[in-house]
Amino acid sequence: MRVGWYRALGWIGVWMVFIGLAAGPMAAQVATPESPTPASPAVQPRKLALGVLRVIQPEIQVTETFTGPDKLVELATQRQLDWTPHFAAKTRALYRRAQEVTLRREVWAFEFAFKPLRVVMVDIPQPSGRMQRKPVWYMVYRIRYRGGNLAPQKQEDGTVAPVVTEHPQGRIFFPQFLLTAHELKETYFDQVIPAAMEVITKREKPDGPLHDSVTIASKPIPLTREEDAPGVWGVAMWQDVDPRIDFLSIDVKGLTNAYRPVDPPGAYKPGDPAGTGRQLLSKTLRLYFWKPGDSVEETEDEVHFGIPVEEDPDRQADLLRVYGVQRRVDYEWVYR
13 MRVGWYRALG WIGVWMVFIG LAAGPMAAQV ATPESPTPAS PAVQPRKLAL
63 GVLRVIQPEI QVTETFTGPD KLVELATQRQ LDWTPHFAAK TRALYRRAQE
113 VTLRREVWAF EFAFKPLRVV MVDIPQPSGR MQRKPVWYMV YRIRYRGGNL
163 APQKQEDGTV APVVTEHPQG RIFFPQFLLT AHELKETYFD QVIPAAMEVI
213 TKREKPDGPL HDSVTIASKP IPLTREEDAP GVWGVAMWQD VDPRIDFLSI
263 DVKGLTNAYR PVDPPGAYKP GDPAGTGRQL LSKTLRLYFW KPGDSVEETE
313 DEVHFGIPVE EDPDRQADLL RVYGVQRRVD YEWVYR
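Residue numbers 13 to 348, in our numbering, belong to the letters of the sequence shown in order.
Right, here's the structure in full:
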């Protein structure tokens, strides 16, 4: 009996050696660079239906490339600089020139596209170590850098005119998403929720890796001109959103470097450090939504894009006051 087992083991060993010799060249062939084995993606991309992805083009204005002419308060408040030169006009002195200063800069922007705002139930780890099933609001978006920057350039006649430029190395996107419930006067900053990433990725099947608001800033968004370029995909997420919410908006910061400096009257006083009291208002994309509030069951398909349309003029006026706008829009660019 024992000899029979050893003999059987011997034959098994021979067959294993034979299989190893036969598989050896195949393994070597697979390992060569000339015939790589393609890796199957964990999630196959989903082809989007027409109109599912809403694209908002960058809107760079010429007026965003300069500020002024206005007072440079750090110098305009220094009365001791107001003196009369002996060999030049008084308007050429520093104090007078500080009364009308024009500051110029290059402005760039991203193309922003987004899918419908949705809600998904996710098991969230709690400090107690237990899991709690909670609704997570999220919005999947795509970022593309298409070039088209505007930069000031001095002309031969001494004037300054904007020219179109681009940044071949791409631009880094540092996003910030702020969800505001207008009728409830509540705001929610987007969060990184690792437990929701896999659930959202499997559901949405984006055309590429899905980034959160931190990982999307790990490398520049590449410059691309092709209309079918996949872009870089990300997701903004919120939790603990009041389920009674009806009228909301989402502010998206980081899509452009355009800004407006504001010096409130009297905020800067002589002797203060430069820039004291100055406010820099960033150009921000504001998206409007509405949803029938439901504190019992939050459903994803009831979040609608844009400010609702009412046939009753009084009701429409009330809605506009809730949103804080003058007219009905789906989105707008604001400075905040």
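Ideal placement from N, C-alpha and C gives every residue a C-beta, glycine not left out.
Reduced DSSP category for residue i - H, G, I as helix; E, B as strand; rest coil
i: Gln328; result: helix
i: Val244; result: strand
i: Leu21; result: Note that Leu21 scores a pLDDT of 36, beneath 50, so its modelled location is shaky and nothing firm can be said.
i: Val152; result: strand
i: Gly336; result: coil
i: Thr79; result: strand
i: Glu123; result: strand
i: Leu93; result: helix
i: Val85; result: helix
i: Lys102; result: helix
i: Val134; result: strand
Closest residue to residue i among the options (Cα-Cα distance)
i: Leu292; options: Phe122, Arg348 and Ala279; result: Arg348
i: Ala267; options: Arg156, Thr96 and Met133; result: For the record, residue 267 in the displayed sequence is Leu; it is not Ala. Of the candidates Arg156, Thr96 and Met133, the one whose C-alpha sits nearest the C-alpha of Leu267 is Arg156.
i: Glu123; options: Glu314, Gly283, Val315 and Pro234; result: Pro234
i: Gly318; options: Ile262, Pro174, Trp120 and Gln92; result: Ile262
i: Ser225; options: Ala248, Pro218, Phe126 and Pro137; result: Ala248
i: Ile228; options: Pro187, Glu216 and Thr199; result: Pro187
i: Met143; options: Ala207, Pro276 and Ile68; result: Ala207
i: Thr236; options: His179, Thr103, Asp169 and Arg340; result: His179
i: Val85; options: Ala286, Trp250 and Pro137; result: Ala286
i: Glu112; options: Val148, Asp82, Val244 and Lys127; result: Asp82
i: Phe126; options: Lys102, Glu216 and Gln165; result: Glu216
i: Leu299; options: Val176, Asn269 and Val337; result: Val337
i: Asp219; options: Pro242, Gln167, Trp302 and Asp135; result: Pro242
i: Asp240; options: Val211, Thr171, Leu190 and Arg154; result: Arg154
i: Val74; options: Thr288, Asp254, Val172 and Phe99; result: Val172
i: Ile212; options: Glu323, Thr103, Val152 and Thr77; result: Val152
i: Phe185; options: Ala121, Thr103, Leu115 and Val274; result: Ala121
i: Ala71; options: Ala270, Val148, His223 and Pro277; result: Per the sequence shown, the amino acid found at residue 71 is Glu instead of Ala. Measuring from the Cα of Glu71, the nearest candidate turns out to be Ala270.
i: Leu115; options: Thr89, Thr103, Lys146 and Gln165; result: Gln165
i: Leu190; options: Arg183, Gln181, His223 and Tyr200; result: Tyr200
i: Asp252; options: Trp302, Glu118 and Val131; result: Val131
i: Asp254; options: Pro304, Thr296 and Lys231; result: Pro304
i: Ala163; options: Asp169, Ser294, Val134 and Arg117; result: Arg117
i: Pro232; options: Val244, Pro221 and Trp345; result: Val244
i: Ser294; options: Asp324, Ala101, His223 and Pro273; result: Pro273
Limits of the unbroken beta strand (DSSP E) element including residue i
i: Val176; result: Val172 to Thr177
i: Tyr347; result: Tyr343 to Tyr347
i: Leu115; result: Val113 to Arg116
i: Val67; result: Arg66 to Ile68
i: Phe301; result: Gln291 to Trp302
i: Lys265; result: Phe259 to Lys265
i: Pro273; result: Tyr271 to Val274
Start-to-end residues for the alpha helix (DSSP H) that takes in residue i
i: Tyr107; result: Leu106 to Arg109
Any chain C beta carbon closer than 8 Å to residue i
i: Ile319; result: The structure shown contains no chain C; it holds only a single protein chain.
Problem set entry | Segments of 4+ residues assigned as alpha helix (DSSP H) that fall wholly inside the stretch 163-231 | 206-216
For this session: Count the CB pairs spanning the stretch 79-93 and the stretch 103-111 that are closer than 8 Å, and state whether there are at least three.
Result: yes
For this session: Evaluate the contact criterion for the stretch 263-283 versus the stretch 323-337: three or more CB pairs, one atom per stretch, below 8 Å.
Result: no
Problem set entry | Cβ contact (3+ pairs, closer than 8 Å) linking the stretch 245-260 and the stretch 66-75 | no
Exercise. At a cut of 8 Å, does the stretch 130-139 reach the stretch 190-202 through at least three beta carbon pairs?
Worked result: no
Exercise. For the stretch 236-245 against the stretch 148-163, are there 3 or more C-beta pairs whose distance is under 8 Å?
Worked result: yes
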